[in-house]
Structures are given as C-alpha cells and as structure tokens.
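Undergrad: Residue numbers for the sequence shown follow this note's numbering, so the first one is 22 and each next one is one higher. Even glycine gets a Cβ: it sits at the ideal position worked out from N, Cα and C. Quick caveat, the model's predicted, so the values are computed rather than measured. Right, I'll just put the structure down here and ask away after.
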Amino acid sequence: MAKSQSVFVCQSCGAVHARWQGRCEACGAWNTIVEEAQESPQSVSPSARARGKGPGLAFQALDGVAQAPPRLATGIGEFDRVCGGGLVEASAILVGGDPGIGKSTLLLQAVAGAATRGIKSVYVSGEEAIAQIQDRARRMGIEKAPVQLAAETRLETILEALKHEKPQLAIIDSIQTVWTDTLTAAPGTVAQVRACAHELVRHAKKAGTAIILVGHVTKDGQIAGPRVVEHLVDAVLQFEGERGHHFRILRGLKNRFGPTDEIGVFEMGDAGLREVTNPSQLFLDNRGHARPGSVVFAGIEGTRPVLVEIQALASPTAFGAPRRAVVGWDTTRLAMILAVLETRCGLAFGGRDVYLNVAGGLKISEPAADLAVAAALVSALFDQALPEDCVVFGEIALSGDVRPVSRADARLKEAEKLGFTQAFLPRAASSNTTATTSSQGRRLVAGQSGVKHRVIATAADLVTTITGQEYPETP
Ligand code: TYD
Ligand code: MG
Numbered sequence: 022m023a024k025s026q027s028v029f030v031c032q033s034c035g036a037v038h039a040r041w042q043g044r045c046e047a048c049g050a051w052n053t054i055v056e057e058a059q060e061s062p063q064s065v066s067p068s069a070r071a072r073g074k075g076p077g078l079a080f081q082a083l084d085g086v087a088q089a090p091p092r093l094a095t096g097i098g099e100f101d102r103v104c105g106g107g108l109v110e111a112s113a114i115l116v117g118g119d120p121g122i123g124k125s126t127l128l129l130q131a132v133a134g135a136a137t138r139g140i141k142s143v144y145v146s147g148e149e150a151i152a153q154i155q156d157r158a159r160r161m162g163i164e165k166a167p168v169q170l171a172a173e174t175r176l177e178t179i180l181e182a183l184k185h186e187k188p189q190l191a192i193i194d195s196i197q198t199v200w201t202d203t204l205t206a207a208p209g210t211v212a213q214v215r216a217c218a219h220e221l222v223r224h225a226k227k228a229g230t231a232i233i234l235v236g237h238v239t240k241d242g243q244i245a246g247p248r249v250v251e252h253l254v255d256a257v258l259q260f261e262g263e264r265g266h267h268f269r270i271l272r273g274l275k276n277r278f279g280p281t282d283e284i285g286v287f288e289m290g291d292a293g294l295r296e297v298t299n300p301s302q303l304f305l306d307n308r309g310h311a312r313p314g315s316v317v318f319a320g321i322e323g324t325r326p327v328l329v330e331i332q333a334l335a336s337p338t339a340f341g342a343p344r345r346a347v348v349g350w351d352t353t354r355l356a357m358i359l360a361v362l363e364t365r366c367g368l369a370f371g372g373r374d375v376y377l378n379v380a381g382g383l384k385i386s387e388p389a390a391d392l393a394v395a396a397a398l399v400s401a402l403f404d405q406a407l408p409e410d411c412v413v414f415g416e417i418a419l420s421g422d423v424r425p426v427s428r429a430d431a432r433l434k435e436a437e438k439l440g441f442t443q444a445f446l447p448r449a450a451s452s453n454t455t456a457t458t459s460s461q462g463r464r465l466v467a468g469q470s471g472v473k474h475r476v477i478a479t480a481a482d483l484v485t486t487i488t489g490q491e492y493p494e495t496p
C-alpha cells in the first residue's frame, strides 16, 4: 500500500504535481502551488467488495415516466428565469462573481422571497456576522421574511444543522470560507473547497434540498481555484457588472435544468437589487442624437432580444504602434473585423488608435455583433453617423460576406418596440420580406415587422451604404 505523503496542488487549476515548482505547467500560473497532505486511498471494505458481486444496478429505459422536476420559485423573476424557471429540488447551484458585486445581496433577497412564499429556507454566512445581515435585511425591507440565519464555517456543523432543520433551500455564503476537520489544508485551498462542495452537493442530492453555493472569482475571471466545483454542481451562474455602473447581470454558464446563456438584469439601489424587466431601455438610456461611431446592435442574450449601443473611436496615432482597446467585446474579433475592412474594402486603420466600447458595461459574445462593430468603425473613420432610428446585426466572414444570424425576427420586433424604423441586416434574414432587393441589396424593403430592411451583402456594401461612395479614400 502506498504510504501517505505530500502532493503539490495548483490553487488556480487544481493540477497535482509531484514536487514544488514556481510555475504550474498545466495552467501557466505563477506561485500558485501549495503543499497538501495526501490522504491515503481508502482500502475497500469486505462488505463493499461483497456488494460489488451481485447485479446491484437496475437499468432503465430512456423514455421513462419521470416528470419535470418541481420548481421552487423565489418570486424574483429575473433570478428564477436564469435558473430555468425556479430552483430545482435536490440540486446544487454555484453563484460566482467578483467580491462586492452583490452576490450576498442577491441571495439574501432570493432566500427572503422564497421564505415568504412558504419555502423553508436557511442562510448560512461564513463571511458576515448575524447582526450585519440583519441590518442589511432591514435596510432592504425584507426583515420580516421567515429566513433562518446562521454564521458558521465548519462543514460538519453546517451539515448537522441541515440534517436537523431539513430546509428546502439552503444558501452557503461562501464556499471558500467553509472548511472540514478531515483535511489539514487551510480554508479556501482547492482541497478544502473541493471536499466541502462535494459533501454539500451530496447532502443536496440525498436530502432533496436545493443548495446554493456562493463562490468568489479570481482576477482572471475564473471561479476561484475550484474549477472542480463547476463539475460538481448542476448549474453555474455568474453575477457580473462594471464597478462604475449600477446595474448587474446574472448569467447562466451551465444549467442542467434550463437554458444556458440566459441573463437576468438587475439594478443596484439603496434598497438592494431591483429587477430590470426591459434591459434594452436601460442599455440605450442616455443615448442622445445619432453620432459618428455610435451604432445600435440588436442582440440576443439567452432567450431575450436586447438592444445595446456600440461605440467606436478611430483617432490618429500620435506615436509608435497604433493602440486597440476594447471594453465588452473580444479583442481578437476586433482585429479580425479590422483586417476584413482593410483587405476587402481598402480602408486604412494602420495610422489610427481604435477604441471600442459596449455601452453600459454589457459583455457581448455573439458573432452577430460583427456587422454592428464594423458599422461603428466605418462610421467613426469617416465621421458619418448612421441614421438615428437604425439597428444593425449580422456576422462577417473573413471573405467579407455578411452571414445570416439566428432569430432575426425577434431582433426586429424588439427594435420596433423601442421605436427603431430600419435595420442593416444580412440577406437571408429578410427572406420573408414582401419585396425583393436590388442586386447590390441597397434598396429599402418593408419586412413583416414595421422595420425597413436594408440588406447588407458584404463588408464593402456596408462601407458604401454608410459613406455613399463605392470605394472611398480613407480620410
Ligand atoms: P455584497 O452583496 O456584499 O457583495 P458580495 O457578496 O458579492 O461580495 O454587495 C456589497 C455591495 O453592494 C456594497 O459595495 C454596497 C452595495 N449595496 C448597495 O449599493 N445597496 C444595497 O442595498 C446593498 C445591500 C448593497
Ligand atoms: Mg458576500
């Protein structure tokens, strides 16, 4: 039998090394490797061996009669929707986010909402004292909700309490503060977080409780250390937002019981988080007259269409290599769009610093934003504003062709709802229009929604549409 010895575990990715080193070979992080005592493998007991002999496993057909799992609704619509229509019994959810972003606030509101609706709920905090939480609840006006509070970090004590109380919903805030006696590693290390999360998830499955674990996020955006926890839980939700902005986005990254990429939008105020049911209005807030470099993108976030403003600036480079700075979009994708505009349309961005910003702090990952970004760049370069009442969407291929994107109708409907009257969009997206387009696709045609379609077939087509010239000289 192997004798018990030390192993060296990377606190960032969980990779195990035989000896200490300055840099983790698995994830490339520096100074993240910590020595941990290795537990000797448990020898298999004779009874377990005996159990392994018979047919202990009964197989089932795929089309069983299992019903949809019952849902525990917290009454906070945006939260329930991201969960896929409420929390599921006997499931575990990880809610991640930067420190101070509002995770505790959100979950306190959710647990209060659930308790008010008759769901037996407990809230275990390892970070704040009871008085602090009570004070916050009072400020948010939810102190009357029948939530059971506790401040505890020892896993065994928490599990005992959960077994005794048998709640339907339990919040553990946060998983990084919980520690178990059975390990010598310090709280917050990968070994502790993994072991505690594993035990809590097991309890959730066994007792039928819905457990929400709160997790902190490291600088590089990963849920601290334990990527391993992401595999253990049924759903991973990310709570994000920009510091300077008052609104927050809850994003589904993984969900075994519902759609992923769903977002819930909240606004942080004096009395906690307020749901934002019409995010487009929020992201387009304070948008004045149409300005060069500003374009409204009709996007889809999860199941919902959302309109966001994309802003670009192309200023002459003062010295050295031109800068490319991006907020809310992918830097590589920007480089790609610039390359297409330079190669396929003959534009020159070489002497320009390019800045791209998604207004309001939203992060966009859809390729459908390509055309809107290109439009913002061209508009900024030529100092030509797009029409004020116009939305843009479409994916751009390296060939310069504009490709159709999913759910064009939903995007157009949202645009119409908010008073937009025309759209720059790819060809196929307007196949259900009542009139055909000219060969260049530049004529306005009326679609089924009240929004006029302006079909953009290629990147060069976009440049011509914005500048009014076939092959304009870069100013
Ligand atoms: P918190 O929920 O403690 O963050 P986390 O648990 O993610 O670390 O949120 C703390 C921040 O939220 C803090 O900076 C203050 C702000 N806040 C408000 O602006 N209004 C409120 O009503 C509450 C409760 C918090
Ligand atoms: Mg907190």
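#1: Taking only heavy atoms of the ligand MG into account, decide whether any of them is closer than 7 angstroms to the Cβ of GLU148.
#2: In terms of residues, what are the limits of the alpha helix (DSSP H) holding PRO354?
#3: For PRO120, I'd like the list of residues in its chain whose CB is within less than 7 angstroms of its CB, leaving aside the five on either flank, ordered along the chain.
#4: On the three-state DSSP scale, how would you describe GLN130?
#5: Using the three-state DSSP reduction, which class does GLY290 fall into: helix, strand or coil?
#6: Less than 8 angstroms between the beta carbons of GLY134 and ILE97, yes or no?
#7: Report the rounded CA-to-CA distance for ILE140 versus LEU383, giving the unit in angstroms.
#8: Hey, out of ILE331, TRP350, ALA356, whose CA is closest to PRO343's CA?
#9: Taking the C-alpha atoms as reference points, what is the distance between GLU435 and PHE278?
#10: Counting beta carbon pairs with one atom in the segment 216–226 and one in the segment 105–113, are three or more of them shorter than 8 angstroms?
#11: I'd like to know if the segment 413–428 and the segment 349–365 are in contact, where contact means that at least 3 CB-CB pairs between them fall below 8 angstroms.
#12: Check whether the Cβ atoms of ALA234 and VAL254 sit closer than 8 angstroms, and answer yes or no.
#13: For PHE370, which of helix, strand or coil comes out of DSSP?
#14: Quick one: is SER400 buried, meaning 16 or more other Cβ sit within 10 Å of its Cβ, or exposed?
#15: Return the first residue and the last residue of the beta strand (DSSP E) that CYS411 is part of.
#16: Pop quiz: ALA216 and THR201 are said to be a contact at Cβ under 8 angstroms. What is the actual Cβ separation, rounded to whole angstroms?
#17: Is it buried or exposed for VAL65, if we count other Cβ within 10 angstroms and need 16 for buried?
#18: Hey, out of PRO493, LEU127, PHE340, whose CA is closest to ALA369's CA?
#19: Can you determine whether any heavy atom of the ligand TYD sits closer than 7 angstroms to the C-beta of ILE196, and answer yes or no?
#20: Does PHE441 come out as helix, strand or coil in the three-state DSSP assignment?
#21: Is the Cβ-Cβ distance between SER142 and VAL132 less than 8 angstroms?
#22: Compute every distance between the C-beta of SER315 and the non-hydrogen atoms of the ligand MG, then say whether any falls below 7 angstroms.
#23: Got a sec: does the ligand TYD put a non-hydrogen atom nearer than 7 angstroms to the Cβ of ALA133?
#24: If you follow the alpha helix (DSSP H) that HIS224 is in, where does it begin and where does it stop?
#25: How would you label LYS473, buried or exposed, when you count the other beta carbons within 10 angstroms and need 16 or more for buried?
#26: By the three-class DSSP mapping on this structure, what secondary structure does ILE196 have?
#27: Do the segment 379–397 and the segment 260–272 make contact, defined as three or more Cβ pairs closer than 8 angstroms?
#28: Following a CB-centred definition, is LYS124 positioned closer than 7 angstroms to any heavy atom of the ligand TYD?
#29: Can you check which of these residues, ASP374, LEU328, LEU362, TRP350, is closest to PHE340 by C-alpha distance?
#30: Looking at C-beta atoms only, is the number of pairs between the segment 313–322 and the segment 400–410 that lie closer than 8 angstroms three or more?
#31: Give me the residue from MET161, GLY489, THR198 with the minimum Cα distance to GLU173.
#32: Cβ of VAL30 within 8 angstroms of Cβ of ALA171?
#33: Expressed to the nearest angstrom, what Euclidean distance is found between the alpha-carbon atoms of GLU437 and GLY471?
#34: Can you give me the start and stop residues for the beta strand (DSSP E) that SER27 sits inside?
#35: For a quick check, are the C-beta atoms of GLU164 and GLN153 less than 8 angstroms apart?
#36: If I measure Cβ to Cβ from VAL297 and keep anything under 7 angstroms in the same chain, skipping five residues before and after, which residues do I get?
TA: Taking the definition as stated:
#1: In the sequence shown, the residue the question calls residue 148 occupies position 127. Because some heavy atom of the ligand MG lies under 7 angstroms away, the Cβ of GLU148 counts as near it: yes.
#2: Locating residue 354 in the sequence shown gives position 333, where the first residue counts as 1. First, the amino acid is wrong: residue 354 is Arg here, not Pro. Segment 352–366, the alpha helix (DSSP H) holding ARG354.
#3: Reading the sequence shown from its first residue, position 99 is the one you call residue 120. Within the same chain, PRO120 has close Cβ partners HIS237.
#4: The residue labelled residue 130 in the question sits at position 109 within the sequence shown. Correct three-state label for GLN130: helix.
#5: Here residue 290 is taken as the residue at index 269 of the sequence shown, counted from 1. Note: GLY290 maps to strand in three-state DSSP.
#6: One-based indexing of the sequence shown puts residue 134 at position 113. One-based indexing of the sequence shown puts residue 97 at position 76. For GLY134 and ILE97, yes; Cβs fall inside 8 angstroms.
#7: As a position in the sequence shown, residue 140 is number 119, starting the count at 1. As a position in the sequence shown, residue 383 is number 362, starting the count at 1. About 33 angstroms.
#8: Taking the sequence shown and counting its residues from 1, the one referred to as residue 343 is at position 322. That would be ALA356, whose Cα lies nearest to the Cα of PRO343.
#9: The count along the sequence shown starts at 1 and reaches residue 435 at position 414. The count along the sequence shown starts at 1 and reaches residue 278 at position 257. Those two C-alpha atoms are separated by around 27 angstroms.
#10: Flag = yes, the segment 105–113 and the segment 216–226 touch.
#11: yes
#12: In the sequence shown, the residue the question calls residue 234 occupies position 213. In the sequence shown, the residue the question calls residue 254 occupies position 233. Sequence inspection shows Leu at residue 234; the Ala mentioned does not correspond to that position. Taking 8 angstroms as the Cβ cut-off, LEU234 and VAL254 qualify as a contacting pair.
#13: Locating residue 370 in the sequence shown gives position 349, where the first residue counts as 1. Coil at PHE370, not helix or strand.
#14: Your numbering for residue 400 matches position 379 in the sequence shown. Counting C-beta atoms within 10 angstroms of its own C-beta, SER400 has 16 or more neighbours from the protein chains shown and is therefore classed as buried.
#15: To locate residue 411, count along the sequence shown from 1; it is residue 390. From DSSP, the beta strand (DSSP E) with CYS411 extends over 411–413.
#16: The residue labelled residue 216 in the question sits at position 195 within the sequence shown. The residue labelled residue 201 in the question sits at position 180 within the sequence shown. Indeed they touch by this definition, with Cβ atoms about 6 angstroms apart.
#17: Start at 1 with the first residue of the sequence shown, and residue 65 comes out as number 44. Residue placement at VAL65 cannot be trusted, given a pLDDT of 48 that sits under 50; what the coordinates show is reported in the next sentence. Burial call: exposed.
#18: The count along the sequence shown starts at 1 and reaches residue 369 at position 348. Selected option, being the one with the closest Cα: PRO493.
#19: As a first step, residue 196 must be located in the sequence shown, where it is residue number 175. Remark: the shortest separation between the CB of ILE196 and any heavy atom of the ligand TYD does not fall under 7 angstroms.
#20: By 1-based counting over the sequence shown, the position of residue 441 is 420. DSSP places PHE441 in coil when its eight states are reduced to three.
#21: Counting from one through the sequence shown, the residue named residue 142 turns up at place 121. Counting from one through the sequence shown, the residue named residue 132 turns up at place 111. Yes, these two residues count as a Cβ contact at 8 angstroms.
#22: Along the sequence shown, one-based indexing puts residue 315 at 294. False, no ligand heavy atom lies under 7 angstroms from that Cβ.
#23: On the sequence shown, position 112 is the one that residue 133 refers to. Checking every heavy atom of the ligand TYD against the Cβ of ALA133, none is found closer than 7 angstroms.
#24: For the purposes of this step, residue 224 is taken as residue 203 along the sequence shown, with counting starting at 1. For HIS224, the enclosing alpha helix (DSSP H) has its first and last residue at 211–228.
#25: As a first step, residue 473 is located in the sequence shown; it is residue number 452 there, counting from the start. Counting of Cβ neighbours within 10 angstroms places LYS473 among the buried residues, the total reaching 16 or more.
#26: In the sequence shown, the residue the question calls residue 196 occupies position 175. Here DSSP, grouped into helix, strand and coil, assigns ILE196 to helix.
#27: yes
#28: Position 103 of the sequence shown holds residue 124. Yes.
#29: As a working note, residue 340 is residue 319 in the sequence shown. Answer by Cα proximity: ASP374.
#30: yes
#31: Reading the sequence shown from its first residue, position 152 is the one you call residue 173. Of the listed residues, the one whose Cα sits closest to GLU173 is THR198.
#32: Residue numbering aside, residue 30 sits at position 9 when the sequence shown is read from its first letter. Residue numbering aside, residue 171 sits at position 150 when the sequence shown is read from its first letter. Taking C-beta atoms as the reference points, VAL30 and ALA171 fail to come closer than 8 angstroms.
#33: Within the sequence shown, the letter at position 416 stands for residue 437. Within the sequence shown, the letter at position 450 stands for residue 471. Cα to Cα, GLU437 sits roughly 6 angstroms from GLY471.
#34: Start at 1 with the first residue of the sequence shown, and residue 27 comes out as number 6. Start and end: 27–31.
#35: For the purposes of this step, residue 164 is taken as residue 143 along the sequence shown, with counting starting at 1. For the purposes of this step, residue 153 is taken as residue 132 along the sequence shown, with counting starting at 1. For GLU164 and GLN153, no; Cβs fall outside 8 angstroms.
#36: Taking the sequence shown and counting its residues from 1, one reaches residue 297 at position 276. If we look at VAL297 and ignore the five residues flanking it on each side, its Cβ neighbours are PHE268, VAL286, PHE287, GLU288, LEU303.
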